[in-house]
Every structure is written in C-alpha cells, then in structure tokens.
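Trainee: Numbering (the working numbering), first residue to last: 2 to 523. Ideal Cβ placement from N, Cα and C applies to all residues, glycine included. These numbers come from a predicted model, not from an experiment. The structure follows.
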C-alpha cells in the first residue's frame, strides 16, 4: 500500500474508534472533573463552582470537612443500585446551590448524618429498599437538613426518610415508589426531632399501599419526641395525602394545605389520649374519584384531633370515623364544611359522635349524609344538612338531629292570648315531639328527626296543639326548615261538616239524632 494510502487508512481508523467511544458514552461530553475512585473530602473546605463532576465511587464528606457546590452537576456512576453512596458524616457539612446531584445507571445511597443545606437544587435517583436493608430513600439521620427551592425525583421506596431535624421550603417531590416524606422516631438517635414543611408540592405515588403517603408521620413508643409543622402544601394524587400514626406528647399541625385527587386526604390513627394534633383550614377535593375519603380517623376515647374550618368536596365519603379496637369513644366535631359528596359522616365501632355548627350542602346521596354502624350513634346540632338524610346499619346505632324551637307564646286564632297551660308540638301522626309551659315560655331543644335500623321519623312539619279538659285544638303546621320564633295561633273551634239530605215531601226524619261526619268539637 502506498504511504499516502496508509496515512488515510490510519485517519479513518481513528475516526471510527472515536465514533465507537462516543456511542459507548451515550454522546455525553467529558466531565470537567472526573474521579475514577472514591471522592473523599477529609478536612477543610472544598469549593467547586460551575463544573460537571463524574465520580466512579463513593462521595464522602468526613467530620470537620465542608463541601460546597455552586451551579455544579455531580454524577455518581454506579452499575447496580446501592453500589456507591453520597454521605455526609457526623460533624461534616454539605452546601449545594443551584446544583444537581444524581446517579447514572444505578440508584445511589444518600446518607445525611449532619448539616446539609440545599438551595435551588435537584436530587434524583436515590436508592431505597423496602425490606432487608437500612437504606429507605434520602436518609436524614442527623442534621439539621434544610432544603429550599429544590426538586427531588425518581427515588426508590421513599423520597426522604427522616429521623432527624428537617426543614423543607418550596420543595417538590415526585416519581417515588411510596411516601414523598416519611418521618419516624423509630430507631432515631439524634434526640428530639422537629420537621417543618412549608409551601411544598408532593406528587403521590401510584403504588399506594400501607407505606404510601405524601407525608407519613409515624410516632412509635417513647423517646425521642417527633413533632411536625406542615403548612401551605399541595398534595396531588396518591393513596394518602397525609398519614398520621400518633403517639403520646407529639405536636402536629397541618394547616392551609390542599389535597387533590388523593384516595384519602388525611388519615389519622391513634390510640393515645395525649399530644396536640391540629388539622385545620385545609381543602380536600377528590374530583369525584371513586371510593375517595376526605378524612379517615381512628380515635381513642376522649381524644380526637382538632378539626376546624376544613372544606371537603367531591369525595365519596367526607369523614370516616372509627372507634378503638376495644371499648368506645365519645367525641364532638364542629365547623365542618362538606359539599357534593355521597356521604358526609360515617361512624363505626362504638363511636358516640356529635356534629355541630357545620354545613353539608348538595349531598349526592338521598339518605346517606350520615351513616351509623357498629353500635355507633350520631347527634346533629346547629348544622345545615339534608333533612332526614341518615342510614343506620346496626341495631344498637341511631342518628338524631336536634333543633332549637323558639315558641314566643300562643293565642286563640283571632282571639286572646293563652297565658297558661301546655302547648304540644306533634307530627302528623300525633306523635308528641316537644312540650312548652305557656306560663314560662322558653326555647327548647328537640329532636327534629331520628333514624334507627327499624324506624324512620323524618317529618319536616309539626303541628301546635293544646288539650283542654279532653278536648283537642290545633294550629297551622310549622315547617322546621324555615321556622322562626313566633306566637302560634290555635283554632278554638272546629266547624262540623254536615251531610244531611232532605226527606221526601210530606215525610220527616224517623230519628231524633243527626249524625255528623268530620272533625268537630262539642
């Protein structure tokens, strides 16, 4: 081969080799910094700005050392899940601003054992194992860890698994297998734990399951304490927006959050009778998702979370309330706002519940605004709701709606006031519902309607009546839905209805008694 031909062939071989290498590397450009083994920051402060960094090993910030990343991309290249880790050891510190930390090919173990600050960052491909391993997501086991304006995505099992102080502000967590943020005191060694979450967005897991929630709060046993403040956060889809498994002495606040298309907006389960749990000013909108629940509560006797000014709409069941496994529970809930749901409140397992000062509007099921089962009872007071909309599924259960009737007094129609005696309110079947002493008239609490599993008394009309010396007198009916305090009028006589046919000419009646057909008084 001529020398010129050899040179040309060599150039072609080099070009082909470069093309193969480029294809093998996925077409990516070479990193600015490449560590072919572990990258260990052992002391002092290491600051890296505006660089891409490839690491073929573990990244470790040891005690006393600080790693600062500004506008960097840190890529930990591993072949299999969990092969390498990103670890901040005790007394170490990581600060990252506008940076991306991720894994390629496999998922990376993240261990934050001390101070971490992330602002405007992206973390992805965090490894997690549901069983048989200690890694469960981005492990926050020391701290505090603070994340601001940060996106976490594509995580195995949990997104963040917190056993130490954690602060999230405007953080988005998405594409995780189970919970976006899972927090627990179980196995924690960092002392009392405080979690603060504000203005975040959590995209729910499609996998759902027992461990699936936007925020999972698990307080187990005694020390250390675990407290949560969750404010102004949006939950999008998933099995549960917030799940609270409460223990004693915890302080939990869930306020001004929105839950959209979650199977359950907020689930609360506790057998404790202590702690401070406040769930207020939230909006749950199921968007007509089948079998969805706004609030699912399992409670102990004498203890229920504070539920004030929450709005629930377009779910199947707004409130599902279950009593303890043994014994019973007596609770009261007020200021509930529910609309466009099939069922408003469903109780089970020996709960004696009072619902007061609430509103249930445009309910889509005729007789299931309130449902009582399992020996539970529901008492309704000062609440706007569909009249008589109750279903009882157990022989020991009942539902009663109370109203306050203000009778100002009574008078004979077109006549004088009635100053003494007893005025009775009765339904169309003359069942007595309430009784007033006209010598000392005052408003009276009465049962407007009630349902058992064998009987339904849901008349919306009552009739004022008086019985004097064996004679009965009635007035015009009262509509309980629109009645305002007034002086009722009683009819003082009934005009007989007589049906008398004239005898033929020349003949008279052969009896001396005339029979009258109809209501009358002597």
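At which residues does the beta strand (DSSP E) containing residue 316 begin and terminate?
Mentor: Where residue 316 is concerned, there is no enclosing beta strand (DSSP E), given that its DSSP letter is neither H nor E.
Trainee: Using only CA atoms, which one of 96, 326, 82 lies nearest to residue 137?
Mentor: Residue 137 has its Cα closest to that of 82, out of 96, 326, 82.
Trainee: Given residue 23, which residues of its chain have a CB within under 7 angstroms of its CB, disregarding the five upstream and five downstream residues?
Mentor: Its pLDDT being 38, under 50, residue 23 is placed unreliably in this model, and the coordinates cannot settle the point.
Trainee: Given a cut-off of 7 angstroms on the beta-carbon distance, is the pair residue 453 and residue 399 in contact?
Mentor: For residue 453 and residue 399, yes; Cβs fall inside 7 angstroms.
Trainee: For my contact list, residue 476 and residue 465 are in at a C-beta cut-off of 8 angstroms; report their separation, rounded to the angstrom.
Mentor: Indeed they touch by this definition, with Cβ atoms about 4 angstroms apart.
Trainee: Buried or exposed: which applies to residue 110, given that a residue is buried once 16 or more other Cβ atoms fall within 10 Å of its Cβ?
Mentor: When all chains shown are included, residue 110 counts as buried.
Trainee: Kindly indicate which residue of 372, 118, 324 has the alpha-carbon position closest to the one of residue 169.
Mentor: Checking every option, the nearest Cα to that of residue 169 belongs to 118.
Trainee: Report the rounded CA-to-CA distance for residue 349 versus residue 322, giving the unit in angstroms.
Mentor: Whole-angstrom Cα-Cα distance: 6 angstroms.
Trainee: Say whether the segment 50-70 touches the segment 35-42, bearing in mind that this needs 3 or more beta-carbon pairs closer than 8 angstroms, one atom from each stretch.
Mentor: At 8 angstroms Cβ cutoff, the stretches touch.
Trainee: Cα-Cα, which of 261, 33, 214 is closest to residue 184?
Mentor: When each option's Cα is compared against that of residue 184, the closest is 214.
Trainee: So, for residue 71: in the same chain, excluding its five sequence neighbours on each side, which residues have a beta-carbon less than 6 angstroms away from its beta-carbon?
Mentor: Excluding positions up to five away in sequence, the list reads 50, 98.
Trainee: Count the CB pairs spanning the segment 368-376 and the segment 340-348 that are closer than 8 angstroms, and state whether there are at least three.
Mentor: As far as the Cβ criterion goes, the segment 368-376 touches the segment 340-348, which means the pair count is three or higher.
Trainee: Does the distance from the CB of residue 261 to the CB of residue 286 come in under 7 angstroms?
Mentor: Against a cut-off of 7 angstroms, the Cβ pair of residue 286 and residue 261 comes out as a contact.
Trainee: With a cut-off of 8 angstroms on the beta carbons, I'd call residue 316 and residue 295 a contact; round off their distance for me.
Mentor: That pair is a contact at about 5 angstroms.
Trainee: Label residue 42 either buried or exposed according to how many other C-beta atoms from any shown protein chain fall within 10 Å of its C-beta, with 16 as the threshold for buried.
Mentor: Under this definition residue 42 is a buried residue.
Trainee: Quick check on the DSSP output: the beta strand (DSSP E) that includes residue 525 runs from which residue to which?
Mentor: The question about residue 525 has no answer, for the chain in this structure spans 2 to 523.
Trainee: Check each candidate in 385, 414, 413 and name the one with the smallest Cα separation from residue 402.
Mentor: That would be 385, whose Cα lies nearest to the Cα of residue 402.
Trainee: Please name the residue in 266, 195, 380 whose C-alpha comes closest to that of residue 147.
Mentor: Checking every option, the nearest Cα to that of residue 147 belongs to 195.
Trainee: Whose C-alpha, out of 188, 405, 203, is nearest the C-alpha of residue 577?
Mentor: As shown, the chain starts at 2 and ends at 523. That puts residue 577 outside it, with no answer to give.
Trainee: With distance defined between alpha-carbon atoms, name the residue in 485, 446, 151, 429 nearest to residue 459.
Mentor: Checked all of 485, 446, 151, 429; the closest Cα to residue 459 is 429.
Trainee: What is the DSSP secondary structure of residue 69, counted as helix, strand or coil?
Mentor: Note: residue 69 maps to strand in three-state DSSP.
Trainee: Since residue 331 and residue 302 should fall inside the 8 angstroms C-beta cutoff, what is the C-beta to C-beta distance between them, to a whole number of angstroms?
Mentor: Yes, they are in contact, since the Cβ atoms of residue 331 and residue 302 sit about 6 angstroms apart, within 8 angstroms.
Trainee: Assuming residue 258 contacts residue 233 (C-beta within less than 8 angstroms), just tell me the rounded distance between them.
Mentor: Contact holds; Cβ gap of about 7 angstroms.
Trainee: In whole angstroms, what is the alpha-carbon distance linking residue 351 and residue 157?
Mentor: The straight-line gap from Cα to Cα measures roughly 40 angstroms.
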